[in-house]
Amino acid sequence: MSNRYSLRYKLINWIRLGISYIVLAIVAAIAVFPIYYIIITSVNPIPTLASISLRTLLPESPSLEAYYYIVFKEPFLLWLRNSLILATGTIAITVVVAFITGAALSRLNIAGKRALMITIYVMTFFPFAATALPLYLMFASLHLLNSYIGLILAYSGGAAIFSSYLVKIFIDRIPRDYEEAALIDGLTRPGAFFRVLLPMARPIIAFVALMAFLGAYTDYALANAFITSGSMWTLTLGMYYLAFVNRATLYNVLAAFSVLMGIPIFAVFIAFQRYLVQIYAMGGVKA
Amino acid sequence: MRSRGISTGAIIGIVVAVIVIVAVAVAVLYMYKPSPKPATAPGFVIPISEFTPQNVYSSSFAQTFCSKVGNVTITVWNTYSSSENQAFNASLASFEQMYPCIHVEVTPGVGIATSNFISAAKAGQAPIVYRDSSDDAGKLFAAGLLLNLSEYLSPSVFEQYLPTARENFYLSTTTAHGYYGLPDNINYIVMFYNKQYITSPPNTTDQLINMCLQVNSTYNVWCIAYGVGSEYGYRFAAWFAGFGGQIFGPNNMPMLNSSAMVNALEFWYNLTYGLHINAPDMNPSLEGQLFTSGKAAIIFDGPWDLGTYFKALGCNLGAAPLPVVSQTGLHAMPLIGSTGWVIASPQASGATPQQLEAALVFILYMTGPQADLNLWNYAHDIPANIQAYNQAISQLNAGQLSPSCLNGIMEGIFEQAQYGQKFPNIPAMAYYWPAFHQYATAYFANQTTAQAAPQGMEQYMLQQMSQSSG
Amino acid sequence: MDPLQNLNRVLTQYLYLLPIIAIALFLFLYPVAYAIYISFTNFNLYHLFRYTFIGLKVYEQILSSGTFYTLLLNTVIWTVGSLVPMVVVGFLLALILNQRDIRGRNVFFTLLLVPWAFPAYISLVIWSGMWNYEYGIVNKFLGLFGVPPINWLTFTNTAWAALILTNLWLSFPYYTAVFLSSLQSIPSELYDIATVDGASAWQKFTRITLPLMRSAIAFVSVGGFVFTWNNFYPIYILTGGGPGISTDILIVYTYQEAFSYGYYNIAAAYSVISTIILAIMALMMLRVGRVLEVIT
Numbered sequence: 203m204s205n206r207y208s209l210r211y212k213l214i215n216w217i218r219l220g221i222s223y224i225v226l227a228i229v230a231a232i233a234v235f236p237i238y239y240i241i242i243t244s245v246n247p248i249p250t251l252a253s254i255s256l257r258t259l260l261p262e263s264p265s266l267e268a269y270y271y272i273v274f275k276e277p278f279l280l281w282l283r284n285s286l287i288l289a290t291g292t293i294a295i296t297v298v299v300a301f302i303t304g305a306a307l308s309r310l311n312i313a314g315k316r317a318l319m320i321t322i323y324v325m326t327f328f329p330f331a332a333t334a335l336p337l338y339l340m341f342a343s344l345h346l347l348n349s350y351i352g353l354i355l356a357y358s359g360g361a362a363i364f365s366s367y368l369v370k371i372f373i374d375r376i377p378r379d380y381e382e383a384a385l386i387d388g389l390t391r392p393g394a395f396f397r398v399l400l401p402m403a404r405p406i407i408a409f410v411a412l413m414a415f416l417g418a419y420t421d422y423a424l425a426n427a428f429i430t431s432g433s434m435w436t437l438t439l440g441m442y443y444l445a446f447v448n449r450a451t452l453y454n455v456l457a458a459f460s461v462l463m464g465i466p467i468f469a470v471f472i473a474f475q476r477y478l479v480q481i482y483a484m485g486g487v488k489a
Numbered sequence: 041m042r043s044r045g046i047s048t049g050a051i052i053g054i055v056v057a058v059i060v061i062v063a064v065a066v067a068v069l070y071m072y073k074p075s076p077k078p079a080t081a082p083g084f085v086i087p088i089s090e091f092t093p094q095n096v097y098s099s100s101f102a103q104t105f106c107s108k109v110g111n112v113t114i115t116v117w118n119t120y121s122s123s124e125n126q127a128f129n130a131s132l133a134s135f136e137q138m139y140p141c142i143h144v145e146v147t148p149g150v151g152i153a154t155s156n157f158i159s160a161a162k163a164g165q166a167p168i169v170y171r172d173s174s175d176d177a178g179k180l181f182a183a184g185l186l187l188n189l190s191e192y193l194s195p196s197v198f199e200q201y202l203p204t205a206r207e208n209f210y211l212s213t214t215t216a217h218g219y220y221g222l223p224d225n226i227n228y229i230v231m232f233y234n235k236q237y238i239t240s241p242p243n244t245t246d247q248l249i250n251m252c253l254q255v256n257s258t259y260n261v262w263c264i265a266y267g268v269g270s271e272y273g274y275r276f277a278a279w280f281a282g283f284g285g286q287i288f289g290p291n292n293m294p295m296l297n298s299s300a301m302v303n304a305l306e307f308w309y310n311l312t313y314g315l316h317i318n319a320p321d322m323n324p325s326l327e328g329q330l331f332t333s334g335k336a337a338i339i340f341d342g343p344w345d346l347g348t349y350f351k352a353l354g355c356n357l358g359a360a361p362l363p364v365v366s367q368t369g370l371h372a373m374p375l376i377g378s379t380g381w382v383i384a385s386p387q388a389s390g391a392t393p394q395q396l397e398a399a400l401v402f403i404l405y406m407t408g409p410q411a412d413l414n415l416w417n418y419a420h421d422i423p424a425n426i427q428a429y430n431q432a433i434s435q436l437n438a439g440q441l442s443p444s445c446l447n448g449i450m451e452g453i454f455e456q457a458q459y460g461q462k463f464p465n466i467p468a469m470a471y472y473w474p475a476f477h478q479y480a481t482a483y484f485a486n487q488t489t490a491q492a493a494p495q496g497m498e499q500y501m502l503q504q505m506s507q508s509s510g
Numbered sequence: 010m011d012p013l014q015n016l017n018r019v020l021t022q023y024l025y026l027l028p029i030i031a032i033a034l035f036l037f038l039y040p041v042a043y044a045i046y047i048s049f050t051n052f053n054l055y056h057l058f059r060y061t062f063i064g065l066k067v068y069e070q071i072l073s074s075g076t077f078y079t080l081l082l083n084t085v086i087w088t089v090g091s092l093v094p095m096v097v098v099g100f101l102l103a104l105i106l107n108q109r110d111i112r113g114r115n116v117f118f119t120l121l122l123v124p125w126a127f128p129a130y131i132s133l134v135i136w137s138g139m140w141n142y143e144y145g146i147v148n149k150f151l152g153l154f155g156v157p158p159i160n161w162l163t164f165t166n167t168a169w170a171a172l173i174l175t176n177l178w179l180s181f182p183y184y185t186a187v188f189l190s191s192l193q194s195i196p197s198e199l200y201d202i203a204t205v206d207g208a209s210a211w212q213k214f215t216r217i218t219l220p221l222m223r224s225a226i227a228f229v230s231v232g233g234f235v236f237t238w239n240n241f242y243p244i245y246i247l248t249g250g251g252p253g254i255s256t257d258i259l260i261v262y263t264y265q266e267a268f269s270y271g272y273y274n275i276a277a278a279y280s281v282i283s284t285i286i287l288a289i290m291a292l293m294m295l296r297v298g299r300v301l302e303v304i305t
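Chains as they are written, first to last, in the numbering used here: chain A, 203 to 489; chain B, 41 to 510; chain C, 10 to 305.
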C-alpha cells in the first residue's frame, strides 16, 4: 500500500475520532451539569437556585449546613428506613411475579396469551390522574392505607406488568435445550423454571429489581395519598416537607436531600452496569 | 390447528374471560357498598351551651368533660409551618395536660387545601379535625364535608373573634348556611421594602414609579420583584380592587370583566416591560431570593415570611401598606383571609358523637386567647382572637418586641389591615385562580389583549360555575 | 390427549398467570372500570356522596369545547416533538459510542446515564431555575456567545423549545443505551465481509445497520410514544400548562381537573378519550413497525 493512501486514511480516522470525542465530551458535560449544579446548590448556606451571576458556579463558601440539618435535626433515618422497607418489599413481590409470569408466557403454550398481553398493556395507558381516586378508595375500604403492605402492593402492581414483558422477551432468547434436558432428567416444570431458568435469567432479574426499587424509592404521589401518620413517612415525603415551605422553596435543603437520596441510586446503577448492557441488547424494551 | 369446531384454547379463553368479568363485577359491587351512616342523633353528653371559650380553659370543666365522655381519640391534620408548629406544640402540651382523656393523633406537614382531604372524606376516613384556609374550607363546607358549627356552638362563641376573621368562616348560600370554622389568624400581603434603597415608603403609585426609576438608576437593582406574569391572582386582587374592581358582585356573580381589570393589567405590564422596574419571569422563591440578597427593593408578601426577611435584612427591613392607586385614589386592597380549624362531618370522618365533642373542645382551645397568643409570640401570626389581638397591639404600643425595630415593622403590617377586602369564600372563588392565571399569563405572553383577557376570565368562571351545578 | 389431563394442564398453566391477572384485575381493571363508570355521572366534589347517572353529557361538554382540541394538538406536538429528537440523538450517540476505536467508552456511557438515573422531578425543579430569564444558567451561557436573553417559559414558542430540550435531556440516555446494545449485538463479521466486498461506509450503514436496527427503533419508538403521551411531570413543573393553556397537555389538564377542582367525572371522561386515542395510535404504530410479531 502506498504511503499516500495510508496517510489519507489516518487523517480521516483522526478527524472522525476527534469529532466523536468532542461530541461525547460536550454531551457528557451537558448530561452531568445539572447534577453538578445540584451539588453546589446543596453546599450553599443560603437557599438559592437560579444563579445570580456566573461566578456562583464555583462554590464560594461551601457549608454542609443543609446536610447537617437534614440528617441530624430531622428524622431522616426514620424516613430512610421506611423508604427502604417499601422498596425491598416491592422488589420482592415484583421479582417473583415478573419471573413467574414471564417464564410462563415464554415457555408455556397458553391459549389467548397474545390477547391477554395486549389487553393488559393497553390498560396501562389509562392516565393515573383518573385511576388515583378509585385506587385510593379501594385501599381505604380494605383498610390497607397507612400500612407498608398497602403501598408495597400498589408499587408492585405498577411495576409488575412491564417487568413481566421484559422477563418474557429475555427468556425467549434463551434456548430451550437446557430445560428440555432437565425435564427429560425428571425435573418438574416449576423445578425446571427455578433450577435451570432462574440462574440464567439473572441479568433481567437484576434489571427488574432495579426498576422496582426506583419506582418505589422515588415515588411521591402515591405515598402522599396513602400515608397519614408521621412515623411512616418516606424520604420523598420528608423532602417535600422540608424543601417546600409556604410558597418558597429552600433550594439548598432540596438539593442536599436530593444528593442524599440520589447517591444510593447512583451506586446501584454503577453496580448493575454489566447487567444493564446485556439487557439493552434485547432489541429495545421499555422500562 | 384443526378448524373443526371451537378449539380448546378458545373455550379456555372464554371461560377465563367470564370468570374475570364476574370477579370484577363482584369486586365492584362489594367495594361500592356505601359506608354505614353514623348515628344521626346528636348523642352528646355535654350540653351545647357549655362549649364556650371560658369553659374550655377551666380545669373544672375539663374534669367534668373527662368523667362524662371518657377516653376518646381524635385525628388532627396539622398544616402549620415550622415556626407556627413551635406554638402549636406548646399549646398541645398544655391541652393534653388539661384533658388527659382526649388522645390527639397529629399528622404533621399536611398541605392546606389538600385534595387528600376530599378523597379521605369519600372513603369515610377523613381526619376529624383539619386546619384549612377560609376559602378552601368554604368549598368543602358547601360540598357537605364539614360540620356546621352554628348547630353545635352558641352564637356568643363566635363573638370572641375579630369580625373579619369570623366572617371569613361564615357562608350563606343555597346549600350551606352557617359558621364552618374557628379562625386562628388573619393573613394578607403587605409591601416589604429595603430601607437601604427606599428611605420612606411610597404612598401612591405615582410616588412608587418615581422612586423606582431612581432606585433602578442609582443602585442598579430591581425596584420591585413581583411575578405578576405567572401568578394566580391572590396578590393581584389587591390591585384589581385598587383600580376599582371587585371579584364578585351582587348575587355572587363574577365581575372580572371590567375596566378596572384592564387598567390593572396594563399598569403592571407597563411596569414590567415598559419601564423595567419590575423584574420579569419571577416566581415566589426567586422573588424571596432577590429580596433577601438585596437585589430587589420591594416585595409584596405576607407576614408569614417575616422571619426569613428579618433574618436577612435585619433592621433594614420595612413594612408598609400597599400604596394608593393614583388614577382612582383607592388603596390597593389585599384579600384579608383567615386560616382556622374545621371539623369534618360525621359522614366524611365516621366520627362518633363523643369524638365530635372532643373535637369541639380541641378547636375551641386552639383558637382561644392563650393558644392564639402563642402563635403570635412564636410565629408573629396576627391573632384572630380579640383578646390575643389586643394583647399583641398593646405589646407593640409598649415597644415590647425585641429588637426594637421590629415594632415599627409590625405596626406597618397591622396598618394594612385597615385597607383590605374580604376574602370571598363562596365555592365559585375556587374558579377565580385558574381563570386569572390562564388569561393573565396569556396577556403577559402577548397572546391576548388587555381588553380580551378580562372577558376570557369572566367567561371561564361562568362556565365552571355552570358545570358544578350540573 | 385425555380431556381431563388436558384440563389439568391448562389449569396449571393459568395458575402461573394468576398473580399477574390478579394484579391486572385489582390494580388496573377495577380503577379503570370505576373511572369509566363515573365519567357517565355527575360525581364531583359537590356530589361526592350522592350522585346520579347523566349519560353522555360530560362527553358532549368536552367534545364541544375548544379546550379539548387545543389539548389534543398540544399533546401531539409534545409527543412527536419529543420523540423525534430523542430517537435521532440516541441513535447518533450510539453510533459514535459503537466505534471500535473509541477509548473510555464505559466512562462516557456512565456519564451519559446520569440524567436518566436521577429522579425526574428533582432535575425538573433545577431545570425550571435554569431556564429563568434573568438568572438562569441557559441565558447566562448563551450570553457568553453574545445571544440576547430569551424569556423561555413565558412565551409559547420558546416554552415548547425549552420543554422539548429538557425532555431530551431527561430521556436521551435511555435511547442511547438501547440503540448501543442493539448495535453491539450486530456481529462484526457482517461489516468485515462488507468491507472485503468493497462497500463504503454509507452503504454499510444503510444495508446492514439500519435494517437490523429496525425492530429496535420501532419498539422503542412505540414505547416512548406511549410514555411521553402520558408524561406528566415535565410540563407540570416547568410551565404548568402556561401561558394560558398553550403548553397544556391532556394528562396535565386531567390532573388539574381532578385534584384542583374535584371534577372527577370530567377527569375520567378526558382519560377515557385520551386512552382511546392513544391506544389506536399505538396499535397502528405497532402494526406498521411489525413489532407485535417480535414480542409475542
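For glycine and all other residues, C-beta sits at the position ideal for the given N, C-alpha and C.
Residue(s) in a DSSP beta bridge with residue i
i, result
"residue 212/B", "217/B"
"residue 365/B", "370/B"
"residue 382/B", "170/B"
"residue 393/B", "Paired residues: none, contrary to the question."
"residue 112/B", "142/B"
"residue 264/B", "318/B, 338/B"
"residue 375/B", "461/B"
"residue 244/B", "364/B"
"residue 117/B", "147/B, 170/B"
Where the beta strand (DSSP E) through residue i begins and ends
i, result
"residue 145/B", "142-147"
"residue 346/A", "Counting along the chain, residue 346/A falls outside any beta strand (DSSP E), and DSSP gives it neither H nor E."
"residue 340/B", "336-341"
Start and end residues, alpha helix (DSSP H) containing residue i
i, result
"residue 357/B", "Per DSSP, residue 357/B belongs to no alpha helix (DSSP H); it is in the beta strand (DSSP E), 357-360."
"residue 229/C", "219-238"
"residue 322/A", "315-325"
"residue 379/A", "379-386"
"residue 212/C", "210-213"
"residue 206/C", "Per DSSP, residue 206/C belongs to no alpha helix (DSSP H) and is neither H nor E."
"residue 415/A", "404-419"
Rounded Cβ spacing between residue i and residue j (contact assumed at less than 8 Å)
i, j, result
"residue 174/B", "residue 465/B", "5 Å"
"residue 331/B", "residue 304/B", "The Cβ separation is near 23 Å, so there is no contact."
(request) Taking 8 Å as the threshold, find out whether the stretch 117-130 of chain B comes into contact with the stretch 389-398 of chain A through three or more Cβ pairs. (result) Contact between the stretch 117-130 of chain B and the stretch 389-398 of chain A is absent, because fewer than three Cβ pairs lie under 8 Å.
(request) Just list the alpha helix (DSSP H) runs in the stretch 42-130 of chain C, keeping only unbroken ones of 4 residues or longer that don't cross its boundaries, in chain order. (result) Runs found: 66-73, 75-107, 114-126.
(message) Please give the ranges of any alpha helix (DSSP H) in the stretch 149-233 of chain B, keeping only runs that are unbroken, at least 4 residues long and fully inside the region.
(response) DSSP assignment within the stretch 149-233 of chain B yields the following whole alpha helix (DSSP H) runs of 4 residues or more, N-terminal first: 155-162, 174-182, 195-198, 203-208.
(request) Tell me, please, whether the stretch 469-488 of chain B touches the stretch 243-259 of chain C by the rule of three or more beta-carbon pairs shorter than 8 Å. (result) Touching, yes, given that three or more Cβ pairs across the two stretches are closer than 8 Å.
(message) Using a Cβ distance threshold of 8 Å, determine whether the stretch 159-172 of chain C contacts the stretch 204-211 of chain C, with at least three qualifying pairs required.
(response) At 8 Å Cβ cutoff, the stretches do not touch.
(message) Whether or not the stretch 33-46 of chain C and the stretch 317-335 of chain A are in contact is what I'm after, with contact meaning three or more pairs of Cβ atoms, one per stretch, closer than 8 Å; do they touch?
(response) In this structure the stretch 317-335 of chain A lies against the stretch 33-46 of chain C, because at least three pairs of beta carbons, one per stretch, are closer than 8 Å.
(message) Within 8 Å, do at least three Cβ pairs link the stretch 310-327 of chain A to the stretch 263-283 of chain A?
(response) Per the Cβ contact rule, the stretch 263-283 of chain A is not in contact with the stretch 310-327 of chain A (fewer than 3 Cβ pairs under 8 Å).
(message) Across the stretch 369-378 of chain A and the stretch 272-291 of chain A, are there enough close Cβ pairs to call them in contact, namely three or more that are closer than 8 Å?
(response) As far as the Cβ criterion goes, the stretch 369-378 of chain A does not touch the stretch 272-291 of chain A, which means the pair count is below three.
(request) For the stretch 230-242 of chain B and the stretch 350-367 of chain B, state whether three or more C-beta atom pairs, one from each stretch, are separated by less than 8 Å. (result) Inter-segment contact for the stretch 230-242 of chain B and the stretch 350-367 of chain B is present: three or more beta-carbon pairs are separated by less than 8 Å.
(request) Decide if the stretch 167-176 of chain C is in contact with the stretch 85-95 of chain C; the criterion is three or more beta carbon pairs, one per stretch, under 8 Å apart. (result) Yes, the stretch 167-176 of chain C is in contact with the stretch 85-95 of chain C.
(request) Ignoring anything shorter than 4 residues or poking outside the stretch 131-203 of chain C, list the alpha helix (DSSP H) runs there in chain order. (result) Listed in chain order, the complete alpha helix (DSSP H) runs (minimum 4 residues) inside the stretch 131-203 of chain C are 146-153, 165-193.
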